[in-house]
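Numbering (this note's numbering), first residue to last: 11 to 160.
Note that the Cβ used here is the ideal one computed from N, Cα and C, for glycine as well.
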């Protein structure tokens, strides 16, 4: 038998839009439409963009691009990045991986980057920067809703 504690409740008895933040996610309930949505943590995105100094960087619409076999071979042969850059990227990959649980647009790129961070190359750092510039694009007004229920 399990015990649980109810810490919040959304009601369809009200016509007002209701919102609850739970585990760095937001649940929004719109009773007049009968729809609920879950949004990923926007604050985590802002932190990643600030730490990487991407405020003035150009954003990108896709978190990664498909590479040819030749490009993948060249990427594998690229030199190792500076140790400080590698540490910074490693510390920011896992918050991105956490975001990818809620964000279908990141669900492939971020776990792939996480696997490559142990023995990263300069090409991996470029892929990392691209995926984080994509976070900037989604923060700027593109939909970030992870799920919607009716």
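Going by the DSSP bridge assignment, what does residue i pair with across the sheet?
{"i": "residue 93", "result": "DSSP output for residue 93 lists no bridge partner at all."}
{"i": "residue 38", "result": "29 and 47"}
Let me know if residue i comes out buried or exposed under the rule of 16 or more other beta-carbons within 10 Å of its beta-carbon.
{"i": "residue 72", "result": "exposed"}
{"i": "residue 115", "result": "buried"}
{"i": "residue 141", "result": "buried"}
{"i": "residue 91", "result": "buried"}
{"i": "residue 130", "result": "buried"}
{"i": "residue 30", "result": "exposed"}
{"i": "residue 79", "result": "exposed"}
{"i": "residue 23", "result": "exposed"}
{"i": "residue 97", "result": "exposed"}
{"i": "residue 119", "result": "buried"}
{"i": "residue 60", "result": "exposed"}
Pop quiz: residue i and residue j are said to be a contact at Cβ under 8 Å. What is the actual Cβ separation, rounded to whole angstroms?
{"i": "residue 42", "j": "residue 66", "result": "So it is not a contact: roughly 41 Å between Cβ atoms."}
{"i": "residue 105", "j": "residue 48", "result": "With 8 Å as the limit, residue 105 and residue 48 do not qualify as a contact, their Cβ atoms being about 18 Å apart."}
{"i": "residue 88", "j": "residue 133", "result": "4 Å"}
{"i": "residue 99", "j": "residue 147", "result": "Their Cβ separation, rounded to whole angstroms, is 19 Å, which puts residue 99 and residue 147 out of contact at 8 Å."}
{"i": "residue 62", "j": "residue 102", "result": "7 Å"}
{"i": "residue 68", "j": "residue 126", "result": "About 23 Å; that fails the 8 Å criterion."}
{"i": "residue 76", "j": "residue 85", "result": "So it is not a contact: roughly 13 Å between Cβ atoms."}
Are the beta-carbon atoms belonging to residue i and residue j less than 8 Å from one another?
{"i": "residue 135", "j": "residue 95", "result": "yes"}
{"i": "residue 109", "j": "residue 54", "result": "yes"}
In terms of residue numbering, what span does the alpha helix (DSSP H) encompassing residue i cover?
{"i": "residue 142", "result": "132-149"}
{"i": "residue 82", "result": "79-87"}
{"i": "residue 126", "result": "119-126"}
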